[in-house]
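Down below is the structure, laid out as structure tokens.
Numbering (the numbering used here), first residue to last: 1396 to 1491.
In structure tokens, the structure reads:
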């Protein structure tokens, strides 16, 4: 069986392996309208994947809740520790 490739020393994951099972998970998602959600499984894997800092496919991480992205909306991933107090976090959306 092939072993998984190890990331190069120049790659990093937003959520390192030692934090991948943290409860609550350290990253949340902010919708275009500003509603905050827990991450679904696919997004969690994306946060745990190692990326090179210059990789255009790496996750967009907001530095603060009210930061707008290049399209002028609030959509993006945010560290739970940067979430303002009092903002509720909804369960991850379900896709039927």
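Built from N, CA and C at the ideal position, the CB exists for glycine as well. Just so we're clear, the structure is a prediction, and the values are computed from it rather than from any experiment.
CB of residue i within 8 angstroms of CB of residue j, strictly
i, j, result
"residue 1434", "residue 1423", "yes"
"residue 1455", "residue 1477", "no"
"residue 1470", "residue 1427", "yes"
Nearest-angstrom Cα separation, counted from residue j out to residue i
i, j, result
"residue 1462", "residue 1475", "14 angstroms"
"residue 1444", "residue 1457", "18 angstroms"
"residue 1442", "residue 1436", "10 angstroms"
"residue 1429", "residue 1407", "27 angstroms"
"residue 1447", "residue 1411", "14 angstroms"
"residue 1482", "residue 1449", "31 angstroms"
"residue 1439", "residue 1487", "11 angstroms"
"residue 1473", "residue 1464", "12 angstroms"
"residue 1421", "residue 1451", "22 angstroms"
Beta-bridge pairing of residue i - partner residues as DSSP gives them
i, result
"residue 1474", "1422"
"residue 1446", "1407"
"residue 1485", "1432"
"residue 1457", "1473"
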